[in-house]
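Chemist: Sharing a structure below in structure tokens format, with a few things to ask.
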Amino acid sequence: MTHEQLFNIICKKRSFLCIGLDTDIQKIPTHLLASDDPIFEFNKAIIDATHDLAVAYKPNIAFYESLGSKGWESLGKTVDHIRKTTKDIFIIADAKRGDIGNTSAMYAKTFFKTYDFDAITVAPYMGHDSISPFLAFEGKWSIILALTSNPGASDFQFLEEKKSGKKLFEEVLVKASGWSSKDQIMFVVGATKAEALSGIRKIIPDHFLLVPGIGAQGGSLQEVAKYGLNKQCGLLVNSSRGIIYASKDTDFAGAARKSVIEVRNEMDSLLTEAGLI
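Okay, so the sequence shown: first residue is 215 according to the numbering used here, each after it adds one.
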């Protein structure tokens, strides 16, 4: 999927919502536990209820691999179901991989060929040669961690380089944006750091940003849009717990859809106000 194709889906759905499938077997409705694959049954119901309103799904790989082979099976079935249900979805493996070249090549093969994801989150700490194997896959995206929403982000990401005066996350944006085009590289910027988005847009005006942290983590969609929208939207804003756990009862899928409609309607207004749709 290209940058232009992703923007077209955003315009079609009047949404830039990414739904995080952080599916925890301890939190899903108990009536699903009697099924052969509770994780998949939960995901399937959420997908069926929301795919017309969401632009992307983002399974958090930790929730699947923690269950061993059964979890990987649930993940594969989830991706296959999304593909069978709709063509207008961008699927992100939230895996945060990054290692020496031959190891990264195997990670890339896992998520781009074995599981057919469109994108994977990656950590840039080991440099270009740890990311280049992911970029070797045409039509696939590397979503590079830049400025995250966790408290520990301040440990390293705001350290200043003495000569340039740039913070470490700014150095990541400058250097990593040169590794490929806006059709292959996106950056993670946490919604709780919305005030930094205007400066980030001066460095990377055209790239897409994956923005976690609205909803349960307290980030403001209005603030993210104010500082982060560009001429082709340029945002995928993620919400996980606030949507998928909107109810713990048998109506969980309907409750998730109701939550998505609220967010999508706000996104529709923001896109309209910005003159993008």
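Using N, Cα and C, we set each Cβ at its ideal position, and we do this for glycine too.
Go ahead and label asparagine 257 buried or exposed: buried means 16 or more other beta carbons lie within 10 angstroms of its beta carbon, across all protein chains shown.
Modeler: Here residue 257 refers to the residue found at position 43 when the sequence shown is read from its first residue. The residue is buried, with at least 16 neighbouring Cβ atoms inside 10 Å.
Chemist: So, is the C-beta of aspartate 308 closer than 9 Å to a C-beta in chain D?
Modeler: Judged by its chain identifiers, the structure shown contains no chain D, having just a single protein chain.
Chemist: Quick check on DSSP: helix, strand or coil for glycine 285?
Modeler: Counted from its first residue, the sequence shown places residue 285 at position 71. Helix, per DSSP.
Chemist: Taking the continuous beta strand (DSSP E) assigned at phenylalanine 331, which residues delimit it?
Modeler: Translated into the one-based positions of the sequence shown, residue 331 becomes position 117. Element bounds for phenylalanine 331: n/a, residue is neither H nor E.
Chemist: Out of Asp343, Leu484, Val402, which has the shortest C-alpha to C-alpha gap to leucine 361?
Modeler: Reading the sequence shown from its first residue, position 147 is the one you call residue 361. Comparing Cα-Cα distances from leucine 361 to each of Asp343, Leu484, Val402, the minimum goes to Val402.
Chemist: Drop a sphere of 10 angstroms on the beta-carbon of isoleucine 476, count the other beta-carbons inside from all chains shown, and report buried for 16 or more, exposed for fewer.
Modeler: For this step, residue 476 is matched to residue 262 along the sequence shown. The residue asked about is misnamed: residue 476 is glutamate in this sequence, not isoleucine. Flag for glutamate 476 reads exposed.
Chemist: Which one or two residues does DSSP pair with leucine 393 in a beta bridge?
Modeler: Here the question's residue 393 lines up with position 179 in the sequence shown. First, the residue type needs correcting, since residue 393 is tryptophan and not leucine in the sequence shown. Answer by DSSP bridge pairing: none, since tryptophan 393 is not bridged.
Chemist: Look up glycine 341 in the DSSP assignment and give the residues it is bridged to.
Modeler: Counting from 1 along the sequence shown, the entry for residue 341 is found at position 127. Glycine 341 is not bridged to any residue.
Chemist: Quick test of your reading: glycine 427 and serine 363, contact by CB under 8 Å. State the CB separation rounded to the nearest angstrom.
Modeler: The residue you call residue 427 lines up with position 213 of the sequence shown. The residue you call residue 363 lines up with position 149 of the sequence shown. Yes, glycine 427 and serine 363 are in contact; Cβ-Cβ is about 4 Å, under 8 Å.
Chemist: For leucine 387 versus valine 425, is the C-beta distance shorter than 9 Å?
Modeler: Against the sequence shown, residue 387 aligns to sequence position 173. Against the sequence shown, residue 425 aligns to sequence position 211. No, these two residues do not count as a Cβ contact at 9 Å.
Chemist: Could you pull out every residue in the same chain whose Cβ sits closer than 6 Å to the Cβ of alanine 333, ignoring the five residues on either side in sequence?
Modeler: For the purposes of this step, residue 333 is taken as residue 119 along the sequence shown, with counting starting at 1. Within the same chain, alanine 333 has close Cβ partners Ile306, Trp355, Ile357.
Chemist: Rounded to whole angstroms, what's the CA-CA distance from proline 252 to aspartate 330? Just pull it up for me.
Modeler: Taking the first residue of the sequence shown as 1, we reach residue 252 at position 38. Taking the first residue of the sequence shown as 1, we reach residue 330 at position 116. If I take the Cα positions, the gap works out to 22 Å.
Chemist: In three-state terms, what does DSSP make of phenylalanine 221?
Modeler: Along the sequence shown, read from residue 1 onward, the residue named residue 221 stands at position 7. Helix.
Chemist: Alpha carbon to alpha carbon, what distance is there between valine 451 and tryptophan 481?
Modeler: As a working mapping, residue 481 is identified with position 267 in the sequence shown. As a working mapping, residue 451 is identified with position 237 in the sequence shown. Tryptophan is not the amino acid found at residue 481; the sequence shown has methionine there. In a straight line, the C-alpha of methionine 481 is about 10 Å away from that of valine 451.
Chemist: Considering only residues of the same chain and omitting the five flanking positions on each side of phenylalanine 351, which have a CB-CB separation below 7 Å?
Modeler: Translated into the one-based positions of the sequence shown, residue 351 becomes position 137. The answer, listed in chain order, is Ala322, Phe326.
Chemist: Looking only at C-alpha atoms, which of Lys301, Thr300, Thr324 sits nearest to glutamate 279?
Modeler: Along the sequence shown, read from residue 1 onward, the residue named residue 279 stands at position 65. Nearest C-alpha to glutamate 279: Thr324.
Chemist: Counting Cβ pairs, one atom from each stretch, are 3 or more of them under 8 Å apart for the region 260 to 277 and the region 461 to 474?
Modeler: The region 260 to 277 is in contact with the region 461 to 474.
Chemist: Under a Cβ-count criterion, where at least 16 other Cβ atoms within 10 Å of its own Cβ denotes burial, should serine 483 be classed as buried or exposed?
Modeler: In the sequence shown, residue 483 corresponds to position 269, counting from 1. Counting Cβ neighbours within 10 Å, serine 483 comes out exposed, since fewer than 16 surround it.
Chemist: Between His421, Phe372, Asn222, Glu255, which has its C-alpha nearest leucine 382's C-alpha?
Modeler: As a first step, residue 382 must be located in the sequence shown, where it is residue number 168. Leucine 382 has its Cα closest to that of Phe372, out of His421, Phe372, Asn222, Glu255.
Chemist: Going by Cα to Cα distance, which pick from Thr464, Ser453, Ile457, Ser412 is closest to glycine 442?
Modeler: Within the sequence shown, the letter at position 228 stands for residue 442. The option with the nearest alpha carbon to glycine 442 is Ser412.
Chemist: Among residues of its own chain, excluding the 5 on either side of histidine 217, which ones have a beta-carbon nearer than 6 Å to its beta-carbon?
Modeler: The residue labelled residue 217 in the question sits at position 3 within the sequence shown. Hits under 6 Å: Lys396, Asp397.
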